[in-house]
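Engineer: Residue 50 in full-length UniProt numbering sits at position 50 of the sequence shown; the count goes up by one each step and never skips.
Positions of the beta carbon are idealized from the N, C-alpha and C atoms, including for glycine.
Only a predicted model underlies this, so the values are computations on that prediction, with no experimental measurement involved.
Dumping the structure here so I can ask a few things about it.
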Amino acid sequence: MGKYWSDAELIVAVYFTSRGFTEAAVSQILHARGFRRSYDAVYRKIKDIRNKHPVLQAKDQDWDINAVDLWLDELSLDHQTVNHLICCSDLEATIAAKHGVAESILEKLERSNWRWMA
Numbered sequence: 001m002g003k004y005w006s007d008a009e010l011i012v013a014v015y016f017t018s019r020g021f022t023e024a025a026v027s028q029i030l031h032a033r034g035f036r037r038s039y040d041a042v043y044r045k046i047k048d049i050r051n052k053h054p055v056l057q058a059k060d061q062d063w064d065i066n067a068v069d070l071w072l073d074e075l076s077l078d079h080q081t082v083n084h085l086i087c088c089s090d091l092e093a094t095i096a097a098k099h100g101v102a103e104s105i106l107e108k109l110e111r112s113n114w115r116w117m118a
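Given below as structure tokens:
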């Protein structure tokens, strides 16, 4: 892969990182989907995106999930394609478990589900 990231790569990287996956886990997810990005490349890209788009951060420096979801929809890919890219399958669950983040991801997802009920 070159210097420039496709919107598909950005969507996968930002979505999964914002949900609690580590950069190493995201690198593995990208690799499984046919993209070649190292841990360092994912780390730098996420840092760059957060610097360029401070609206994606909540006040506690965590991700603002609502802002992330809106930002993902503003990229060039259609909504159905975005949904396909952010689908969490057994593969992503296995990667999360391997990296020791599965439990914290589930907790974060549970907390974010409450935003729809409020």
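#1: Residues in the same chain with beta-carbon distance under 6 Å from residue 41, minus the five sequence neighbours each way, listed in chain order, please.
#2: Going by the CB atoms, is the gap between residue 72 and residue 125 shorter than 8 Å?
#3: Please go through the same chain and pick out, in chain order, the residues whose beta-carbon is closer than 7 Å to the beta-carbon of residue 10, but skip the five residues on each side of it.
#4: Quick one: using the 10 Å Cβ neighbour count with 16 as the cut-off for buried, is residue 26 buried or exposed?
#5: Can you grab the Cα-Cα spacing for the pair residue 79 / residue 12, in whole Å?
#6: Go through the region 30-77 residue by residue and report every complete run of the alpha helix (DSSP H) that reaches 4 residues or more, in order.
#7: Just to check my reading of the structure: residue 30 and residue 19 have Cβ atoms closer than 8 Å, yes? What is that Cβ distance to the nearest angstrom?
#8: Note down, in chain order, each residue of its chain lying with its Cβ closer than 6 Å to the Cβ of residue 28, except the 5 sequence neighbours on either side.
#9: My output table needs one value for residue 117: the three-state DSSP class, helix, strand or coil.
Structural biologist: According to the structure data:
#1: For residue 41, there are no CB contacts under 6 Å within the same chain when 5 residues up- and downstream are skipped.
#2: This structure does not reach residue 125, given that the chain is present from 1 up to 118, and the question cannot be answered.
#3: Within the same chain, residue 10 has close Cβ partners 75.
#4: Label assigned to residue 26: buried.
#5: Approximately 14 Å between the Cα atoms of the pair.
#6: Within the region 30-77, the runs of alpha helix (DSSP H) at least 4 residues long that lie entirely inside it are, in chain order, 39-52, 65-74.
#7: Wrong, their Cβ atoms sit about 15 Å apart, outside the cutoff.
#8: So the list reads 95, once near-sequence residues are dropped.
#9: Reliability fails at residue 117, whose pLDDT of 47 lies under 50, so the model's placement of it is uncertain and the value that follows must be treated cautiously. The answer is helix: DSSP assigns residue 117 an H, G or I state.
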